[in-house]
Each structure stands twice: as structure tokens, then as C-alpha cells.
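What follows is one structure encoded as C-alpha cells, with my remarks underneath.
There are 2 protein chains.
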Amino acid sequence: MVTIRDIASLAGVSRTTVSRVLNGSGYVSEQARKRVMEVIEETGYVPSEQAKALRTKKSNVIGVILPKISTETASRVADGIDTVLNREGYQMILANAKLKVEKEIEQLKLLESRRVDGIILLATNKEDRLLKAIESLSVPVVALGQDLPSISSVIYDDYHAAREMTEAILKKGRNRIGFIGVYESDHAVGVLRKQGYLDALEAEGKTPEEGWIQKGDFTAESGYRAMKSIWESADRKPDAVFAVTDRLAVGALEYLRAIGVKTPEETAVAGIGNSEISKYVTPSLSTVDYNNEEAGMRTAELLLERLNSSGENREKIVMGYRLLIRDSLR
Amino acid sequence: MVTIRDIASLAGVSRTTVSRVLNGSGYVSEQARKRVMEVIEETGYVPSEQAKALRTKKSNVIGVILPKISTETASRVADGIDTVLNREGYQMILANAKLKVEKEIEQLKLLESRRVDGIILLATNKEDRLLKAIESLSVPVVALGQDLPSISSVIYDDYHAAREMTEAILKKGRNRIGFIGVYESDHAVGVLRKQGYLDALEAEGKTPEEGWIQKGDFTAESGYRAMKSIWESADRKPDAVFAVTDRLAVGALEYLRAIGVKTPEETAVAGIGNSEISKYVTPSLSTVDYNNEEAGMRTAELLLERLNSSGENREKIVMGYRLLIRDSLR
DNA sequence: CTGTTAGCGCCTTCAG
DNA sequence: CTGAAGGCGCTAACAG
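If you read the protein sequences in the order shown, they are chains A and F. Under the working numbering, the first residue of the first sequence is numbered 3, with each subsequent residue one higher. Under the working numbering, the first residue of the second sequence is numbered 3, with each subsequent residue one higher.
Quick look at the structure:
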């Protein structure tokens, strides 16, 4: 591999001069610059960002920790992050947390060892050991998706989104609304969305019946099972079901179809996420669009700002959302 | 940032000794090891992979160039790649080619400047300048998705997949099969799949009618428009349509529904890719499963083998596929 | 078992 | 306008 040294000697100048033409810093005679450029061209020399980073203590790489790689949400977010990063001259190193806290922490450390300039964490929990791990890090971290105390974050308005969707269902005259949630370690999805649902009901003086509230695990299959549990355990059958995720909702839709319940006539269904399938299932699924790409962009911008300002102040951005009422809710 | 030097002096040993306990290389007395470990623990020292890489000329980072980040195929492949890379102690730096050749080349160079150990390219074309760029690179590259001469690659069996799906359609007694393809710069998708379709027809002595063959650009909307063109320009209406992509097929499905043509009764539809929507549209879409995750894994393995063997021999792996005949084809 | 020495490829004072 | 010298954090001979 050809180095700056080779270029220097081939061009008959010092390494310093080569460095200067490379970075456009300081004065270099037109003649010298030309010689150097020629040699670079001939040799196909590519400066090592690695060595540069060691010297300048800036790698221009940002680490991104995803809960799972092949997920619609994650890839939309990654797309948004990449847009901003690419524009600002950064590259992105991806790390997979596989939905496990330990893995999340492990990846944080791995990224720190790579000396990335900053880390974006798509968080799925707010566990103490995670917060501790972040604090002990010497690399700036911003979170997306969960409101982590002590660091800047971009979050979705889970509570209001869920509440508004539930209200929209109520407004259609539906009174017996079931709910499919997830485990509560995921605070944003497991707790906030559920609270939004509960509060919307309570505001109308309604109480969900025993058995109307079930849990899944983000898969369509679990949505199917949850819907089945609701149906079989409830005395009065619900006339609507709100799932915290489109996949769960699609699973619910499938169960209803399987037992011959008409959607939306008998039982309406709604989800959150505006996944691509939501548009193409029959009936098309009512859902909430979170604009993940934009969220990714905002998060990247937040991180970059932090890198350039050296300020320690924490910032919190709450993303807006958009209700999409489609055929599954009439 | 604490360095190996700090650890050494705090532990009262030399940097070499610290390095040795870090890498488990050479002999270190139990006593010294313990002292060092303690100090590392206390200080929260994290060795710089960056400096290590500069010295060892191995970064343990692999670059992955995707045509687009938020794509089902890309993210499945990335998932597979990550599985293998993670298992073998590598990390993945993602680069977005935005479906442009120049950007593809630019990313190759950028990754080279980062001194990644190898590059995986999800290729969408076989243009000469791309091949040239790859050859001038001093980093091993393997391709996925296109059969690039001169480098190792993992490819899908596009020709046979398309041909077999077309044959499956013919076997259902459909005789007038339309086709929605894409531009030919994407050799695998644009040329090979089309050839499979044409050859299957020809083997049965059939010739597609003028207007039955249209092009789209990977979006559902373009599939819709292509289907419309087929419908409006053909004298005899097709009784089946084969699209080279699920999204195109879904667009076609939408058009047919819009004009009140029954699927599959009047006109059957098939795609390729086994996208998630294919399972949930109505009627469910017949398609070909390419097992992208496995392809990603194989590609990563191919690259790692190449890194460890220092051999220059090129290898070509052809992935298998699986026909999924669903409701859209009866 | 341990330390000394020498660089990996680059940038950055500091003197010319 | 240009070069020499030093060092970023780490590992790899090579002597002890």
C-alpha cells in the first residue's frame, strides 16, 4: 500500500508538503502542488483515514446501534441517519443489538473502542445498566425512540399517538375496544402507548373488560394469538382492537378473518407504524405514521450539533405523527 | 482518553506487558496480569482499535455497499452479512450507493480510504467503469446479486427462477402472459429474468404479443402504470402477468383491481422476491423466495475465506430459490 | 517472564 | 513557501 512517504519522495518534496496539498492547508506553490497531484494520480494513492484519525482524534465515523437490522422501522431510520451523515462527510458503522440489553451495552463498548465520534442508539429499553454503560462512555450518545434521562434524545409521541387513535376509534361509535400491547421493558411501546389507550377510555368513562388486554412480541403470529386470547376470554366480544404495532394488528386481522368476523363491520382494527403492509392488507389498516426517516435525520443532526458545539446540554425532540384512518376502521 | 501508557505506568509495568495481557499473547506473570487488570478496571480503559489497526494492518471492519438502505432485500441481506461478521469478530460499515454507479465507485474509494479489510458490494449493474474501479482497488471485493467477471460473487439464479415461474404459469393453462421488467443496466433483474420468461414461452412455441412487455422502475406505482400500458396497448388481454419484482406485481394487482379485472380468475399475477407484502395482499401473491439472508451469509463467508486464504482464485456461488405458488395464480 | 526500541501513516508545530 | 522533528496509541521483534 502506497503511503504519503512514497508520494513525497516520488514528487521530490517532503511529506509535509504532500499533506498540505491533500488537506488544502497552508501555502504550496502551484508547481509543487501539480507535481504531487500527478504522482498521486499515477500511483492511485489513497490517504489512510485510519492514520489520519489517530493523529487528529476524529474518525468521521458514527456508530448506529439497531435493535434488529432487517426491520422496516430500523431501515427507514438508518436511511434518514445516512442522509444527514453522508451530507456532512461522516460514515456509519452499524451494530446489531439483537433486542438484548447486554448486546446493546456490548456494542456501545465496541463502538467506543473503534473511536467513533458519536453513537446513535435506537433504544428499546431504559434499564439501569444501559444508562450506567452510557454514562461511563467517553463518546457522545444520543438516543432515538426512548426518552433516556441524562442524554439527548429524539422520541416519538407515543402517548398521544395511542390516545388519539383510541379516541378516533371511540368516535366511530365503537365502545368495546381491545388492546394488544408488548412487554413493558420497552417503555415507549409497552407503557406509553398502553397508557394512551387507557386514558382515552377513561376520559369517556369506559373501562376495558377483563381479557380485552393482551400482549404480543412484535410478530404477526403473536398478534394472531393475542387476538385469539381476547376473543376467547372476553365475555363481550370487542367491536374494535388497537394494536401497538402494525404487525400485531395484521396478525389480529388474520385471526378475525380466520374465524369469519368481518372487519371493519363487526370489529375494527388499528395499529401504529405505517408499515408497508398496512397499505396493502385487506382491509387496509388504519395506523399512525411516525415518519421514521425524518426522526433518523433529526437524531443525526442532534448528534452532529453536539459534536461541533462541545456543549453538554441535553436536548429532547418530540416528533410529530399523523393518523391514517383507512378501511379497517369505519 | 486513557491510553496503554497510562495503564502501564499506573500498574508499574511496561506498555508491552499491558499489550500482552490485552491480547493474551506471550507470557505474563499472574501477578502482573492481575495488577494490570485492576488498573484497567479502575480507569475504564478501552484499547483503541484504531491504533491497533494502524499497527497490525487489519481493521476487522468490512464495508458493505447497498443500492439503497431502506429496502427489504437490502436489509435482509445486511442481516445475513451481520450474522457472519459478528460471529467472526468483524464490524460492518454501511455505504449507500443510492442506485447510482458513480456513487457506487465513490463509496468503494471511501471504504478503501478507511482501510476496511474487505468490501461486499450489492451490485445493480456491471458497467465497465465499475469493474475498472474494483480492479484498481487494493481491497478484496466480493459481489452479491450480479455476476461480475474477475471477482468472486454470490448470485441468484435469476434466469431459471424466472423461467420456472413462467412455466408454472403456463402449466395452469394460461397462454397470454404479460411481462413487467426493468431497465437492462441491471443485468440480473433486467436481462436474465426477462430471458427466462422469453425462453419459457418460446419452448412452448409461444410469442408474446406487442405491448405485453413493459418496464417499470422497482416501485409499485410503476408496476401499476406498466400494467395499464399492457392492458391498453394489447389487442388480446393477457390472462397472466409476470413481474420481475413483488412491488411491481403489487402495482399490477392494484391496477387490475381498479379496472375490475378479477385475479386470478381472469388474469393471474406473479412476482419475485417473497417480500412481506406478497403474503398479505389479496389475493396473496405468487412469488419466488430468494432467501436473501442466506445469500448475505454466504457472501460474507466467501469474503472472509478470501481474507484468510490469501488465494486469488475467484469463486462463484449460485443460490437456490423456491417457488411460492399462492392465490394470485390458480 | 519483561522491557527497549522501532515504527504503522498521518498531521502539526516550529524553524527556516 | 517548505522541511524536520515529534508523536497519536498500539504491537512486534529482540534482547535480556
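Idealized CB from N, CA, C, for every residue including glycine.
Cβ-based neighbour list, residue i, same chain, cut-off 6 Å, excluding 5 preceding and 5 following
{"i": "residue 204/A", "result": "none"}
{"i": "residue 181/F", "result": "199, 215 and 244"}
{"i": "residue 22/A", "result": "28 and 30"}
{"i": "residue 286/F", "result": "328 and 329"}
{"i": "residue 45/A", "result": "4"}
{"i": "residue 81/A", "result": "295"}
{"i": "residue 235/F", "result": "213"}
{"i": "residue 129/F", "result": "103"}
{"i": "residue 196/A", "result": "183"}
Chain F contact for residue i (CB, 8 Å cutoff)
{"i": "residue 117/A", "result": "yes"}
{"i": "residue 221/A", "result": "no"}
{"i": "residue 3/A", "result": "yes"}
{"i": "residue 78/A", "result": "yes"}
{"i": "residue 253/A", "result": "no"}
{"i": "residue 293/A", "result": "no"}
{"i": "residue 46/A", "result": "yes"}
{"i": "residue 276/A", "result": "no"}
{"i": "residue 94/A", "result": "yes"}
{"i": "residue 190/A", "result": "no"}
{"i": "residue 329/A", "result": "no"}
{"i": "residue 43/A", "result": "no"}
{"i": "residue 211/A", "result": "no"}
{"i": "residue 270/A", "result": "no"}
{"i": "residue 61/A", "result": "yes"}
{"i": "residue 98/A", "result": "yes"}
{"i": "residue 114/A", "result": "yes"}
{"i": "residue 71/A", "result": "yes"}
{"i": "residue 25/A", "result": "no"}
Residue-level contact to chain A via CB, residue i, 8 Å cutoff
{"i": "residue 111/F", "result": "yes"}
{"i": "residue 282/F", "result": "yes"}
{"i": "residue 49/F", "result": "yes"}
{"i": "residue 163/F", "result": "no"}
{"i": "residue 56/F", "result": "yes"}
{"i": "residue 53/F", "result": "yes"}
{"i": "residue 242/F", "result": "no"}
{"i": "residue 81/F", "result": "yes"}
{"i": "residue 127/F", "result": "no"}
{"i": "residue 260/F", "result": "no"}
Same chain, Cβ closer than 8 Å to residue i, five either side skipped, listed in chain order
{"i": "residue 97/F", "result": "65, 66, 67, 68, 109, 112 and 113"}
{"i": "residue 133/F", "result": "150, 151 and 152"}
{"i": "residue 222/F", "result": "249, 250, 252, 253 and 256"}
{"i": "residue 159/A", "result": "320, 321, 322 and 323"}
Other residues of its chain near residue i: CB distance less than 7 Å, five sequence neighbours each side excluded
{"i": "residue 119/F", "result": "60, 61, 62, 63, 64 and 309"}
{"i": "residue 24/A", "result": "49"}
{"i": "residue 43/A", "result": "none"}
{"i": "residue 193/A", "result": "186"}
{"i": "residue 171/F", "result": "179, 242, 244, 270, 272 and 331"}
{"i": "residue 238/A", "result": "178 and 211"}
Inter-residue CB distance, residue i and residue j (contact presumed, cutoff 8 Å)
{"i": "residue 302/A", "j": "residue 136/A", "result": "About 18 Å; that fails the 8 Å criterion."}
{"i": "residue 225/A", "j": "residue 184/A", "result": "About 10 Å separates the two Cβ atoms, so there is no contact after all."}
{"i": "residue 284/A", "j": "residue 284/F", "result": "4 Å"}
{"i": "residue 202/A", "j": "residue 242/A", "result": "About 12 Å separates the two Cβ atoms, so there is no contact after all."}
{"i": "residue 252/A", "j": "residue 163/A", "result": "About 18 Å separates the two Cβ atoms, so there is no contact after all."}
{"i": "residue 77/A", "j": "residue 83/F", "result": "Residue 77/A to residue 83/F, Cβ: 14 Å. No contact."}
{"i": "residue 167/A", "j": "residue 99/A", "result": "So it is not a contact: roughly 28 Å between Cβ atoms."}
Check: residue i C-beta below 7 Å from any heavy atom of the ligand FMN
{"i": "residue 202/F", "result": "Absent from the structure shown: the ligand FMN. Ligands present: none."}
- Query: Where are the beta strand (DSSP E) runs, 3 residues long or more, that stay fully inside the region 28 to 61 of chain F, in chain order?
  - Reply: none
- Message: Within 8 Å, do at least three Cβ pairs link the region 144 to 153 of chain F to the region 173 to 187 of chain F?
- Response: no
- Query: Hey, which unbroken runs of the alpha helix (DSSP H) at 4 residues or more fall wholly within the region 209 to 292 of chain A?
  - Reply: 222 to 235, 248 to 260 and 278 to 282
- Message: I want to know whether the region 83 to 94 of chain F touches the region 35 to 45 of chain F - three or more CB-CB distances under 8 Å.
- Response: no
- Query: On the three-pair Cβ rule with 8 Å, is the region 292 to 304 of chain F touching the region 259 to 272 of chain F?
  - Reply: no
- Item | Any alpha helix (DSSP H) of 4 or more consecutive residues that is wholly inside the region 146 to 215 of chain F | 160 to 173 and 195 to 205
- Message: Whether or not the region 9 to 18 of chain F and the region 303 to 316 of chain A are in contact is what I'm after, with contact meaning three or more pairs of Cβ atoms, one per stretch, closer than 8 Å; do they touch?
- Response: no
- Inspect the CB distances between the region 207 to 214 of chain F and the region 276 to 283 of chain F and report whether three or more fall short of 8 Å. no
- Item | Secondary structure, alpha helix (DSSP H): runs of 4+ residues fully inside the region 87 to 156 of chain A | 103 to 115 and 130 to 137
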